[in-house]
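> To start, I am sharing the structure in question, which I have written as structure tokens.
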Amino acid sequence: MTILTETAEAVARIQIARPERKNAITVAMYAALADAVAAAEADASVRVILVHGQPDVFSAGNDLEDFLRAPPQQPDAPVFRSWQRLRARSSRWWRR
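The opening position of the sequence shown corresponds to residue 23 in our numbering, with each subsequent residue numbered one higher.
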């Protein structure tokens with residue numbers, strides 16, 4: 023699992039860093055992504071959240087082996103929680 027975070031000059035950068043698997047996202051990575059967004063939301067200095075991958079790839083999508091072992095079945099599953107947080111955050115910014 024590799025989700026890297028950095029905050030500088032009002033920008034919270036969340037990097038998906040798993041190049042050996044083309045940044046395929048695991049359940050644990052989705053949980054870390056949701057936590058990183060929550061931390062950025064709690065930081066009053068953050069004005070922008072940037073989610074990005076490596077120079078050659080954003081993400082191949084879900085790590086299928088990982089998801090077949092533990093498919094998300096509840097509304098609070100990490101995969102849903104992470105994207106809901108990002109969607110909610112972007113909606114608040116657009117209303118300004």
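Note that CB positions come from ideal geometry on N, CA and C, so glycine has one too.
Going by DSSP in three states, Q106 sits in which element: helix, strand or coil?
Helix.
> Assuming Q76 contacts A39 under a Cβ cut-off of 8 angstroms, what Cβ separation, rounded to an integer in Å, is found between them?
That pair is a contact at about 7 angstroms.
> Name, in chain order, the residues that DSSP records as bridge partners for R43.
In the DSSP output, where bridge partners are listed per residue, R43 has none listed.
> What residue range is occupied by the uninterrupted beta strand (DSSP E) comprising V33?
Taken as a continuous stretch (DSSP letters only), the beta strand (DSSP E) holding V33 covers 33 to 38.
> Taking all protein chains shown into account, do 16 or more other C-beta atoms lie within 10 angstroms of the C-beta of S104, making it buried, or fewer, making it exposed?
Buried is the call here.
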